[in-house]
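Structure record follows, encoded as C-alpha cells.
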Ligand SMILES: Nc1ncnc2c1ncn2[C@@H]1O[C@H](COP(=O)(O)OP(=O)(O)O)[C@@H](O)[C@H]1O
Ligand SMILES: [Mg+2]
C-alpha cells in the first residue's frame, strides 16, 4: 500500500502550497487514476511519492518503507516512475532504454534473466519488432510505449506514470491503458496514473482521485467521481454527465459545458 | 510492423532475447573504432619520437619522451574528465574548460604565490605547490559547481554564460593579483604558469601522471552509474542511483584531472570540448565503460598528433594550446549555434 501521510509542499517558501496536507492511501493491485486541472499538483504529488522531490512536511510510506529514508536502490526495486517530460541527451535504441529498467537489479551488468525480462516487457507493450530502432526515429506513441516498457522491466510492485497518454492518438491511448490494465490484472502491479481525461480514467481505472489546488477533493470508484457535482468540485466547471451502456461519460467538450451556474467558469 | 497491442500474449518473451544482429553490428563498429583510435595514438607517438631525429639521439629522445609523456597525460586527463563532466552536466557543450575550471586553477596558483610569496613557492617546490593548488581547486571547484548545478541545472544557456563570465572573471582576478606581486614573485609565477609542453619538469610530470592514473582509476567504478546519470537526474534517482554522491565523486575526480593538466601545460580551454564530442561522434554507443577510456585515448591522440602537426608540418613556434583553442573555439561556436537552432 502507498500511504501518503499528510504531505505538504511549496516550491517557494513564500508562495502558495502546491501540496496542501495531502493524505491518501492507494490500494494494492488496483489502477488508480489521478485527475484534476492543470496546476492542481498531480505531478508534484507523484514526484513526492516517488521520492524525486522531498516534501516540506509529511512522508510517503510504501509497504512500510519511508521512501525518503530508504536506500535509493531498495526503493527502485519497489517503485518505478515515468515522469511527464522525458528528454534524453543520449541517443538510445528502444532496447537500450528498456535495459535501464534492470539497473536496480543488475547494476548495469545484465544476466540472461534480465534480458528475458527486457524481451518480455518489449513484447508486453508491442514493441518487440522495433527494439533496435533509435528513440528519435519513433513516433510519439511508440516512444511513450518504449518508456513504459522500461518502467515495467523494473519489475516493481508499484508503477507510477505521469500523463503517459500525452501525444497519443485514440488508438494508442487506449492501447497504453490496456497495457497498464493487464499489468495490474495479470502481473499484479499497483498502477498510479495521472490522466487529464476523466473519461479515460472512468473507463480504465478502479479508483479515481480528484485533485484541486494541492488538495484531494474527490475520491472513489469511477461512477462516484463522474458526477456533475463532484466534477464541479474538482474542475470548477459544469460538466454534464450521461450514462452510456451503464458507464458514466462526462461531456466536457460540449459548448454548454464549462458554464458555471453563477455565470463564471472558475472557482467560486 | 504491428503497432496495436495484443493483450492475449502479455508475457511471451519475443524471439530475440540477447543482442540482435543489428546490435552486434553496432558493437563491432565500436570495437573497430577503438582499435583505430589506439593505432592512431601509437602512430602519433612514434611520429613524435622519431620524426626528423638528428644529432644526439639519446638527448633528443630523452627530451621528446618527456614531452610525449606530458602530451599523453594532458590529453588523457582532459579527454576523460570532459566526457564525464558532460554527462554529469547533462549537456554536450559544457566541459570543465568551458565552465572556467582551468582559469580557476590559474587563479589559485596566482593567489598562492601572492599569499606565500615566491620564496615560499621555491621552498615548497613545484610538486608541493601542485598538491596545495590541486587540493584548493578540488574544494572550490566542487563547491562552485554543486551550487551552480543546483540553481541553474535547467537552464543550459545560463550555465554557458556563467561559465564564460567566471572564466574571464578568474582570468582578470589572476591578472590583478599578479600585478600586485613583487617583480621577483612575478617572474616565478610566470615560470609556473607558462610551463608548456617544451619545458617539462620530470618530477612534476611523474606526480601528474600518477595523479591522473589514480583519477582515471577512481572513475572506473562510477562508469556504469554514469550511463544512468546520462538519462537525467529524475530518471537516475528513479533507477536507484545515489545521484548526489555519484555526481560529487565525479566532480572531485574531474577537478583532480583538470588540475593535473593545467599544472603541466596551463589552460587548454576548448581541448576537452573538442575531444569529448569527437569521441561521442566516433563511437556509436552510450556506454561509459567504452566512452570514457575512448575519450582518454582520443585526447592523447589529439594532443600528440596536434603537436606533431604543429612542429613538423606547420613548422610553427606556436604552442599547441593556441592551435587547439583556435580549432576548439570554432567548434564550440558551431555547437552553440546548432543547439540554438534546435
Ligand atoms: N519546479 C517547480 N518550481 C516552481 N513551481 C512549480 C514547479 N513545478 C510545478 N510548480 C507549480 O506547482 C503547481 C502544481 O504543479 P504540478 O504539480 O505540475 O501540477 P499538475 O501536474 O497537476 O498540472 C503549479 O502551479 C506549478 O506552476
Ligand atoms: Mg503535471
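Protein chains in written order, with UniProt numbering: chain A, 1 to 268; chain B, 1 to 342. Heads up, the beta-carbon is just placed ideally off N, CA and C, and yes, glycines get one too. Note that the coordinates shown come from a computational prediction; the quantities given were computed from them, not determined experimentally.
Q) CB-CB under 7 Å to residue 360 of chain B, same chain, minus the five flanking residues each way: which ones, in chain order? A) Because chain B here runs from 1 to 342, residue 360 of chain B falls outside it and cannot be looked at.
Q: Check the Cβ-Cβ distances between residue 103 of chain A and every residue of chain B, and say whether any is below 8 Å.
A: Here residue 103 of chain A refers to the residue found at position 103 when the first chain is read from its first residue. Closer than 8 Å to some Cβ of chain B, the Cβ of residue 103 of chain A qualifies, so yes.
Q. Between the C-alpha atoms of residue 343 of chain B and residue 168 of chain B, what's the straight-line distance to the nearest angstrom?
A. What the structure shows of chain B is the stretch from 1 to 342, and residue 343 of chain B is not part of that stretch, so it cannot be assessed.
Q) Got a sec, what are the start and stop residues for the beta strand (DSSP E) residue 158 of chain A sits in? A) Walking along the first chain from the start, residue 158 of chain A turns up at place 158. That run of the beta strand (DSSP E) goes 158-162.
Q | Pair within 8 Å by beta-carbon distance, residue 262 of chain B and residue 106 of chain B | A | Working through the second chain from its first residue, we reach residue 262 of chain B at position 262. Working through the second chain from its first residue, we reach residue 106 of chain B at position 106. Yes, Cβ-Cβ distance for residue 262 of chain B and residue 106 of chain B is below 8 Å.
Q) Beta-carbon separation of residue 40 of chain A and residue 212 of chain A under 8 Å? A) The count along the first chain starts at 1 and reaches residue 40 of chain A at position 40. The count along the first chain starts at 1 and reaches residue 212 of chain A at position 212. With respect to the 8 Å criterion, residue 40 of chain A and residue 212 of chain A are classified as neighbours on the basis of their beta carbons.
Q) residue 59 of chain A lies in the alpha helix (DSSP H); which residues open and close that run? A) For the purposes of this step, residue 59 of chain A is taken as the residue at position 59 of the first chain. Premise fails: residue 59 of chain A lies in the beta strand (DSSP E), 57-62, not in any alpha helix (DSSP H).
Q: For the segment 91-117 of chain A, enumerate the residues whose C-beta is nearer than 8 Å to any C-beta of chain B, in chain order.
A: For the segment 91-117 of chain A, which is checked against every Cβ of chain B, the residues closer than 8 Å are 91, 92, 93, 95, 96, 100, 101, 103, 104, 107, 108, 109, 112, 115, 116.
(Q) In whole angstroms, give me the CA-to-CA distance for residue 172 of chain B and residue 181 of chain B. (A) In the second chain, counting from the first residue as 1, residue 172 of chain B sits at position 172. In the second chain, counting from the first residue as 1, residue 181 of chain B sits at position 181. Annotation: residue 172 of chain B to residue 181 of chain B spans about 14 Å, alpha carbon to alpha carbon.
**Q.** Integer-rounded CB distance, given that residue 264 of chain B should sit under 8 Å from residue 35 of chain B
**A.** Counted from its first residue, the second chain places residue 35 of chain B at position 35. Counted from its first residue, the second chain places residue 264 of chain B at position 264. Going by Cβ atoms, the distance from residue 35 of chain B to residue 264 of chain B rounds to 28 Å, so no, they are not a contact pair.
Q: Return yes when the C-beta of residue 43 of chain A is under 7 Å from any heavy atom of ligand 2, and no when it is not.
A: Looking up residue 43 of chain A in the first chain gives position 43. Indeed, a heavy atom of ligand 2 lies less than 7 Å from the Cβ.
(Q) Check whether the segment 217-225 of chain B and the segment 47-60 of chain A touch, using three or more Cβ-Cβ pairs below 8 Å as the test. (A) Result no; under three Cβ-Cβ pairs closer than 8 Å.
Q) If you measure from the CB of residue 84 of chain A, is any heavy atom of ligand 2 nearer than 7 Å? A) Here the question's residue 84 of chain A lines up with position 84 in the first chain. Because some heavy atom of ligand 2 lies under 7 Å away, the Cβ of residue 84 of chain A counts as near it: yes.
Q) With burial defined as no fewer than 16 other Cβ atoms inside 10 Å of the residue's Cβ, what is the status of residue 199 of chain A: buried or exposed? A) Start at 1 with the first residue of the first chain, and residue 199 of chain A comes out as number 199. With 16 or more other Cβ atoms inside 10 Å of its own Cβ, residue 199 of chain A counts as buried.
(Q) Taking 7 Å as the cut-off, is the C-beta of residue 166 of chain A nearer than that to any heavy atom in ligand 3? (A) Among the ligands in the structure shown, ligand 3 does not appear; only ligand 1 and ligand 2 can be found there.
Q) How far does the beta strand (DSSP E) with residue 227 of chain B in it reach, from first residue to last? A) Counting from one through the second chain, the residue named residue 227 of chain B turns up at place 227. That residue, residue 227 of chain B, is in no beta strand (DSSP E); its alpha helix (DSSP H) goes 223-229.
Q. Using a C-beta to C-beta distance shorter than 7 Å, which residues of chain A count as neighbours of residue 239 of chain B?
A. Taking the first residue of the second chain as 1, we reach residue 239 of chain B at position 239. Those are 76, 100, 103, 104, listed as they occur along chain A.
Q) Just how far apart, CA to CA, sit residue 180 of chain A and residue 268 of chain B? A) For this step, residue 180 of chain A is matched to residue 180 along the first chain. For this step, residue 268 of chain B is matched to residue 268 along the second chain. If you take the alpha carbons of residue 180 of chain A and residue 268 of chain B, they lie about 52 Å apart.
**Q.** Beta-carbon proximity of residue 278 of chain B to residue 291 of chain B, cut-off 8 Å
**A.** Translated into the one-based positions of the second chain, residue 278 of chain B becomes position 278. Translated into the one-based positions of the second chain, residue 291 of chain B becomes position 291. Residue 278 of chain B is not a Cβ neighbour of residue 291 of chain B, given a cutoff of 8 Å.
Q | Between the CA atoms of residue 217 of chain B and residue 8 of chain B - distance to the nearest angstrom | A | Start at 1 with the first residue of the second chain, and residue 8 of chain B comes out as number 8. Start at 1 with the first residue of the second chain, and residue 217 of chain B comes out as number 217. Model confidence at residue 8 of chain B stands at a pLDDT of 41, short of 50, so the residue's coordinates are unreliable and nothing is read from them.
Q.
Considering just the uninterrupted stretch of the beta strand (DSSP E) at residue 287 of chain A, what are its terminal residues?
A. It is not possible to answer for residue 287 of chain A, since the shown part of chain A is limited to 1 through 268.
Q) In or out: residue 157 of chain B buried (at least 16 other Cβ within 10 Å) or exposed? A) Taking the second chain and counting its residues from 1, the one referred to as residue 157 of chain B is at position 157. Classification for residue 157 of chain B: exposed.
**Q.** Per-residue DSSP class, three states only, for residue 237 of chain A
**A.** Here residue 237 of chain A refers to the residue found at position 237 of the first chain. Residue state for residue 237 of chain A is assigned as coil, using DSSP reduced to three classes.
Q: Starting from residue 210 of chain A, follow its DSSP beta bridges and name the residues at the other end.
A: Numbered from 1 along the first chain, position 210 holds the residue referred to as residue 210 of chain A. When DSSP reads this structure, residue 210 of chain A sits in a beta bridge with A:35, A:218.
Q) Between the beta-carbon of residue 90 of chain A and the beta-carbon of residue 312 of chain B, is there less than 8 Å? A) For this step, residue 90 of chain A is matched to residue 90 along the first chain. For this step, residue 312 of chain B is matched to residue 312 along the second chain. It is not a contact, given that the beta carbons lie outside the stated cut-off.
Q | For residue 17 of chain A, the nearest candidate out of A:165, A:152, A:42 (CA to CA) | A | The residue you call residue 17 of chain A lines up with position 17 of the first chain. Nearest to residue 17 of chain A by C-alpha distance, out of A:165, A:152, A:42, is A:42.
Q. When DSSP builds the beta bridges, which residues end up paired with residue 190 of chain A?
A. The residue you call residue 190 of chain A lines up with position 190 of the first chain. Partner(s): A:158.
(Q) Along the chain, where does the alpha helix (DSSP H) containing residue 172 of chain A start, and where does it finish? (A) Stepping through the first chain from its first residue, residue 172 of chain A is reached at position 172. Per DSSP, residue 172 of chain A belongs to the alpha helix (DSSP H) from 170-185.
Q | Residue from A:13, A:107, A:12, A:8 with nearest C-alpha to residue 239 of chain B | A | Taking the second chain and counting its residues from 1, one reaches residue 239 of chain B at position 239. Of the candidates A:13, A:107, A:12, A:8, the one whose C-alpha sits nearest the C-alpha of residue 239 of chain B is A:107.
(Q) Quick check on the burial criterion: 16 or more other C-beta atoms within 10 angstroms. Buried or exposed for residue 32 of chain B? (A) What you label residue 32 of chain B is simply residue 32 of the second chain in a count that begins at 1. Counting every other CB atom within 10 Å of its CB across the protein chains shown gives residue 32 of chain B a total below 16, marking it as exposed.
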